[in-house]
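Colleague: Dropping the structure in here first, questions after.
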Amino acid sequence: MKDYFQNGHVTRVTTPAGDIASGNALIVGSILGIAAYSLAEGNPVEFSTTGVFQPPKASAAVLAVGARVALDNTAKEVTTLAAGRFPIGVAVEAAGNGVTSVAVRLDGVATAAA
């Protein structure tokens with residue numbers, strides 16, 4: 072295909088300020104993904120924009136299967152929807168208080184903070 076660039080499931084962006092750890096969610100503009108590896112800011116990092124991943128979760132957050140979830144971009148944790156958080160996908164498993172990760176189907180887009 073003449074104009075085909077890539078499938079977009081994994082894409083490359085520049086690591087923003089604050090570095091990134093492998094497996095953590097990353098928001099660059101309106102693009103959301105999970106980092107494939109750890110890198111310092113300014114380096115190109117590949118991240119997955121679609122699929123089901125198990126990123127860190129705010130320990131106190133209680134999430135039901137099918138619940139819309141958000142990213143607290145400061146803490147780099149998945150949590151409930153609230154002001155200042157970025158909706159990123161849907162929980163595909165329940166995760167209660169004390170659980171520190173949750174399986175999330177990514178939307179691939181970080182909409183404006185709720």
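Residue 72 is where the sequence shown starts when you use our numbering, and the numbers rise one by one after that.
Don't be surprised by glycine CBs; every beta carbon is placed ideally from N, CA and C.
Assuming the contact rule is C-beta atoms closer than 8 Å, L103 and T120 should be a hit. Round their C-beta distance to whole Å, please.
Modeller: 7 Å
Colleague: Considering Cα atoms alone, identify which of F118, G94, K147 is closest to Q125.
Modeller: Residue G94 is the option with its Cα nearest to Q125.
Colleague: How far does the beta strand (DSSP E) with R139 in it reach, from first residue to last?
Modeller: 139-143
Colleague: Please name the residue, chosen from P115, T182, A181, that lies closest to I91 on a Cα-to-Cα basis.
Modeller: P115
Colleague: R139: which of T145, G89, R156 sits nearest, CA to CA?
Modeller: R156
Colleague: So what does DSSP say about A154, is it helix, strand or coil?
Modeller: coil
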